[in-house]
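Visitor: Have a look at the structure that comes next, please.
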Amino acid sequence: MSAGFSMVTRCEISRRFRKCGRPRIAVCQYCGRDFCGEHGELVEDGQEICSEATCRKKKDDLVRYFAFKEAVASRNGGRRCGEESCAAEPQHQCSKCRGLFCPSHLKERDVLTHDGSVARGSVCDHCHKRRKLWSRR
């Protein structure tokens, strides 16, 4: 490389049959793609999210997930199962959200760990439903 050469990273978001190619402003925190100002957003709290549908769904899912965790914590504080319609006393913990549930609201399922391996764990229905979205790029 010669002196003064600068490599500009380009937007990787597809526009019909080719990538956008505009200069990048950020990297999507969900898919890792570079994106320009037209194909993503920089949120005030530091989040960088591209315009791809899956990444938007992940952003929305996290808002719902944190609300779910708050509701579970509130029910658990009253010594109730994390499932909204259940008044049973919780006995087991979800290996994903860490909420406490009665035996009928947790199931032993395969869980993808942070290192990419699969292990068995007790998982609530809410966390089990989220797995499909979060397994996508």
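Numbering (our numbering), first residue to last: 33 to 169.
The C-beta atom is built at its ideal place from N, Cα and C for all residues, glycine as well.
Counting Cβ pairs closer than 8 Å, one from the region 72-89 and one from the region 141-149, do we hit at least three?
Guide: Flag = no, the region 72-89 and the region 141-149 do not touch.
Visitor: What distance in whole Å lies between the Cβ atoms of Ile57 and Glu84, which are believed to be in contact at a cut-off of 8 Å?
Guide: Residue numbering aside, residue 84 sits at position 52 when the sequence shown is read from its first letter. Residue numbering aside, residue 57 sits at position 25 when the sequence shown is read from its first letter. Not quite, the Cβ-Cβ distance comes to about 15 Å (not below 8 Å), so this is no contact.
Visitor: Within 10 Å of its beta-carbon, does Ser34 have 16 or more other beta-carbons around it, so buried, or fewer, so exposed?
Guide: For the purposes of this step, residue 34 is taken as the residue at position 2 of the sequence shown. With a pLDDT of 48 at Ser34, under the threshold of 50, the modelled position of this residue cannot be trusted; read the value that follows with caution. Classification of Ser34: exposed, given that the 10 Å Cβ count is below 16.
Visitor: Mind pulling the alpha helix (DSSP H) runs of 4 or more residues that sit fully within the region 69-153?
Guide: Runs of the alpha helix (DSSP H) inside the region 69-153: 85-109.
Visitor: Quick check: the Cα distance between Arg54 and Arg168, rounded to an integer number of angstroms?
Guide: Here residue 54 corresponds to residue number 22 of the sequence shown, with the count starting at 1. Here residue 168 corresponds to residue number 136 of the sequence shown, with the count starting at 1. Answer to the nearest angstrom: the Cα atoms are 25 Å apart.
Visitor: Taking C-alpha atoms, which residue in Gly148, Gly153 and Gly114 lies nearest to Ser127?
Guide: Indexing the sequence shown from 1 puts residue 127 at position 95. Ser127 has its Cα closest to that of Gly153, out of Gly148, Gly153 and Gly114.
Visitor: Give the C-beta separation of Cys82 and Cys63 to the nearest angstrom, bearing in mind that I take them to be a contact with Cβ-Cβ under 8 Å.
Guide: Within the sequence shown, residue 82 is the residue found at index 50, counting from 1. Within the sequence shown, residue 63 is the residue found at index 31, counting from 1. That pair is a contact at about 6 Å.
Visitor: CB Cys129 to CB Val104, shorter than 8 Å?
Guide: As a first step, residue 129 must be located in the sequence shown, where it is residue number 97. As a first step, residue 104 must be located in the sequence shown, where it is residue number 72. In contact: Cys129 and Val104 (Cβ atoms closer than 8 Å).
Visitor: Return helix, strand or coil for Arg162, following the three-state DSSP convention.
Guide: Here the question's residue 162 lines up with position 130 in the sequence shown. It is helical.
Visitor: Per DSSP, Phe67 forms a beta bridge with which residues?
Guide: To locate residue 67, count along the sequence shown from 1; it is residue 35. The partner list for Phe67 (beta bridge, DSSP) reads Ala58.
Visitor: Determine, using beta carbons only, whether His146 and Pro135 come nearer to each other than 8 Å.
Guide: As a working note, residue 146 is residue 114 in the sequence shown. As a working note, residue 135 is residue 103 in the sequence shown. Going by C-beta atoms, His146 is not nearer than 8 Å to Pro135.
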